[in-house]
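Q: In the numbering used here, the protein residues as written are -5 to 880.
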RNA sequence: GAGGGUGUAGCUCAGUGGGAGAGCACUACGUUGACAUCGUAGGGGUCCCGAGUUCAAAUCUCGGCAUCCUCACCA
């Protein structure tokens, strides 16, 4: 073989893009063919990012984890499908386009709906390319052939099927309700699209004079401007203070309109004055109260959040917030404002633009959720869906238990237009799967479509099956639905996860995925959420540019412990990068030593103890990765790979192989490099899900591999490699070496100083035989010039410094550099520690209850501990005596 | 107001009913034929506090304290 030269330093830029293109262009992300369409499969639908958004670390995290799962199961040989895609993000995308228009000095209304949508599609295409490119940069091995967009033809058909079906089932209705309305976005929002946060405001006490001139009452409010919509004043029926006032009329200041005092039990006796102004059109509680008492409703807002013609002229067209100050000032001037105190209260904000949300009375479309929520709860109770970690099931069940109807109409243009038509001739409302050309009742052509569009989530809740072709019974749908696992963040458990389960049960009759892995949140080093407004985010693309996609994925997965948020900064990714560099260099070392070697056939490998040990460790690592995939403990898999490759393979096995690599015996050299390359190739397979690009790059350079690592088989635990006995032998050897190394370190013996060691073993057994055969290796690891394995304890140890171990003692000859006092103190310390331990152990062993109740295993363990502690104490005492003779 | 998470080394965090762990940082030594993005060794912890269960608790239970989050909100 010829040596292969690798660049001295790992540089992911050299190969990541190239390899991604190779994979993609060769269809390696597509599901493999199979005969049996109903066979076992593994599929994931990617949570669709906002098409006009930019990937943030949260996306990088959840796509990294999905990628690990997909690559693992792909290598396991399952037909594997990862569906990528984006959603149309109604509000956000419309914003972007409107902002562009604004810069050009036009409004969308000037353009008209059709032209506006054309333009929005162009914007969508441009942004789509950005986000798709970002997904490629971070290495996602999703099947681009299956990419979907929520407004694709097929998905739009699914949305319409869903809407019409729910309407037919009487689960969709239209009505005038008080909804959350964002004046900035100009649209209604669902309840969960409103974020509540504390806002500094004022609590105003205002006098409302009795109409008969007999005095005043005082009401308290935080929003005085809404008084133009007041229709009553309510007190608690139990409130003795106001019993006599019920039924009396008061005049509204500033307008003089008369309203009556009524009773309603929702009024708190303690808060404020115990008197509440009732404004049904502008407060949810008042709305409910108004319904109970059949009160008139006065809407005082325009759709842009300014006061309307129901208000006195001077306030008209003034934004509500500004009107508040005006009203307060006017009330004060006219003597109606008796008190004004600072008051912090929770105010709803639009989750897209953070504008204060107004309760706003309007005609909207709703989905009746109760029946679907019940089914979704039942499915969870039956164990059809499982959350990892389990704690999120509380969030899920709590939300479903207290669910409210879902407002799905949005006053936007970008989105799925509601498939409802109104006939201007006869007033008929037509809800149809196909666009009608005439009224189904009177035949008039004079029909017009509903102008509102649907909430974006109304399309994404169909994502797991609409992307696979539903409502058509496609091959993809039959093969890959239900999907296997959903990986997402906890912030969208209600928005999306619960709704997908509901939709799937409703339309397909089964859950859309079995396992739901909820990732932690990516935070900065101080624990704050990464957000645009704080400016503390890290751009995943910058991470990739600086450290590479492999380093990013490995770092994130190593930190992805279940239920924990991940705190990182840019430097955190050095961790993965260092590991990648280590792998790179180990490979580089092996490849440069291939020169003139002949590859030995694997079945002719003659394995020694060390070889068996490393195969055992590899075997265990494969088992750990398998367990971690099954339990979604990604960090366990990452640690297993890290520990195996660095601590076992590089630090011990490669080091132990060096003497053989430089041997004079060509056969030994061939055999040694062959096994090393075999281990290296298998390591690449082992780590491919976590370290994808480099493992592919290295795999392709190895002389003992064919094809790509991405679609080769994954290492599996096998009984044949379960060399537990050999593992024990090597662990023992490591202990011997570590003991002597520690002594070297403590005695400050310079690394180049070669030493003589005598190693006494207590009994003659396989361990001593093994040690006896490893003197060359011990010399290397210890930089010793003489190693004596002293089985019959006949060697002269005078003048040597002793090291105690379990089952052995080592004696190191270093006359020059010993601080006897220090050594003795160290041993005395050791004795104290061991005596303390021995004490504890003896206490347990002499405790009848322990002996009677403890598992035999625990008792045996205590017994062996006792022996070990006694041995250490005895040896240490002996060694102290020995040191004193020096 | 309701619910939940977290509290282990200086930092970021694993872990576990039975002898306290990793990475980073730190200290010492080292450029020995891949890797200084490295190697070898070392220091460093009442496992938040208190009680209970148990033969045994850092681990399980309860109660505090601290911190973070989610949901619901009273004008």
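Glycine residues also receive a C-beta, built at the ideal position from the N, C-alpha and C atoms.
The model shown is predicted, which means the values in this text are computed figures rather than measured ones.
Rounded to whole angstroms, what is the Cα-Cα separation between residue 657 and residue 772?
A: Whole-angstrom Cα-Cα distance: 16 Å.
Q: Thinking just about the alpha-carbon of each residue, which of 283, 245, 238 is nearest to the one in residue 259?
A: When each option's Cα is compared against that of residue 259, the closest is 283.
Q: Suppose only complete runs of 3+ residues qualify. What are the beta strand (DSSP E) ranges in the segment 146 to 215, listed by chain order?
A: With a minimum length of 3 residues, the continuous beta strand (DSSP E) runs that stay inside the segment 146 to 215 are 166 to 176, 181 to 183, 188 to 203, 210 to 215.
Q: Straight-line CA distance for residue 155 to residue 427?
A: When rounded, the distance between both Cα atoms is 6 Å.
Q: Which runs of the alpha helix (DSSP H) at least 4 residues long sit entirely within the segment 472 to 548? Give them in chain order.
A: Qualifying alpha helix (DSSP H) stretches, in chain order: 493 to 501, 534 to 541.
Q: Are the segment 217 to 230 and the segment 303 to 320 touching, with three or more C-beta to C-beta distances below 8 Å?
A: Yes, since at least three Cβ pairs between the segment 217 to 230 and the segment 303 to 320 fall closer than 8 Å, the two stretches touch.
Q: DSSP three-state call for residue 257: helix, strand or coil?
A: The answer is strand: DSSP assigns residue 257 an E or B state.
Q: Who pairs with residue 784 in a beta bridge, going by DSSP?
A: Looking at the DSSP assignment, residue 784 forms a beta bridge with 754.
Q: Going by DSSP, what residues sit across from residue 871 in a beta bridge?
A: None; residue 871 has no bridge partner.
Q: Have a look at the DSSP bridge pairing and note the partners of residue 560.
A: Residue 560 is bridged to 516.
Q: Between the segment 513 to 526 and the segment 471 to 487, are three or more C-beta pairs nearer than 8 Å?
A: Taking 8 Å as the limit for Cβ pairs, the verdict is that the segment 471 to 487 does touch the segment 513 to 526.
Q: In three-state terms, what does DSSP make of residue 834?
A: Correct three-state label for residue 834: helix.
Q: With C-beta atoms as the reference, is residue 51 less than 8 Å away from residue 542?
A: Cβ distance not < 8 Å, so residue 51 and residue 542 don't count as in contact.
Q: Mind checking whether residue 377 and residue 174 have CB atoms under 8 Å apart?
A: It is not a contact, given that the beta carbons lie outside the stated cut-off.
Q: Here's the rule I'm using: 16 or more other beta-carbon atoms within 10 Å means buried, otherwise exposed. How should residue 222 be labelled?
A: By the 10 Å Cβ count, residue 222 comes out buried.
Q: Within 10 angstroms of its Cβ, does residue 442 collect 16 or more other Cβ (buried), or is it exposed?
A: Exposed.
Q: Looking at the secondary structure, which residues open and close the beta strand (DSSP E) in which residue 226 lies?
A: Run containing residue 226: 226 to 229, per the beta strand (DSSP E) assignment.
Q: When DSSP labels each residue in this structure, what does residue 218 get in the three-state scheme?
A: It is helical.
Q: Alpha carbon to alpha carbon, how far is residue 298 from residue 205? Give it in angstroms, no decimals.
A: Their Cα atoms are separated by approximately 34 Å.
Q: What's the call for residue 736, buried or exposed, on a 16-neighbour Cβ count within 10 Å?
A: Exposed.
Q: If you reduce the DSSP assignment to three classes, tell me which class residue 632 lands in.
A: If DSSP states are grouped into helix, strand and coil, residue 632 belongs with the helices.
Q: Quick check on the burial criterion: 16 or more other C-beta atoms within 10 angstroms. Buried or exposed for residue 679?
A: By the neighbour-count rule (16 or more Cβ atoms within 10 Å), residue 679 is buried.
Q: Let me know the beta strand (DSSP E) ranges lying completely inside the segment 786 to 831, each 3 residues or longer, listed in chain order.
A: Runs found: 795 to 799, 802 to 807.
Q: Have a look at residue 708 and residue 619 and give me their C-alpha separation to the nearest angstrom.
A: Residue 708 and residue 619: Cα-Cα distance of roughly 10 Å.
Q: DSSP three-state call for residue 69: helix, strand or coil?
A: Three-state result, residue 69: helix.
Q: With DSSP run on the structure shown, which of helix, strand or coil describes residue 39?
A: In the structure shown, residue 39 sits in a strand (DSSP, three-state: E or B).
Q: Taking the alpha carbon of residue 634 as the point to measure from, which residue in 548, 331, 655, 589 has its own alpha carbon closest?
A: Nearest option by C-alpha distance: 548.
Q: Along the chain, where does the alpha helix (DSSP H) that runs through residue 391 open and close?
A: Here the alpha helix (DSSP H) through residue 391 covers 386 to 395.
Q: Assuming residue 629 and residue 555 form a contact by the criterion Cβ under 8 Å, report the distance between their Cβ atoms to the nearest whole angstrom.
A: With a Cβ gap of about 5 Å, residue 629 and residue 555 count as contacting.
Q: Can you find the residues in the same chain that come closer than 6 Å, C-beta to C-beta, to residue 195, ignoring five residues on each side of it along the sequence?
A: Answer for residue 195: 216, 337, 339, listed in chain order.
Q: Quick one, are the C-beta atoms of residue 408 and residue 114 less than 8 Å apart?
A: For residue 408 and residue 114, yes; Cβs fall inside 8 Å.
Q: Ignoring anything shorter than 3 residues or poking outside the segment 300 to 373, list the beta strand (DSSP E) runs there in chain order.
A: If we require 3 residues or more, the beta strand (DSSP E) runs fully inside the segment 300 to 373 come out as 331 to 344, 352 to 361.
Q: When the distance is taken between beta carbons, is residue 727 closer than 8 Å to residue 584?
A: Result no, Cβ atoms of residue 584 and residue 727 do not sit closer than 8 Å.
Q: Any idea what DSSP makes of residue 79, helix, strand or coil?
A: Strand at residue 79.
Q: Can the beta-carbon of residue 82 be found less than 8 Å from the beta-carbon of residue 131?
A: Not in contact: residue 82 and residue 131 (Cβ atoms no closer than 8 Å).
Q: Determine the contact status of residue 524 and residue 518, defining contact as a CB-CB distance below 8 Å.
A: In contact: residue 524 and residue 518 (Cβ atoms closer than 8 Å).
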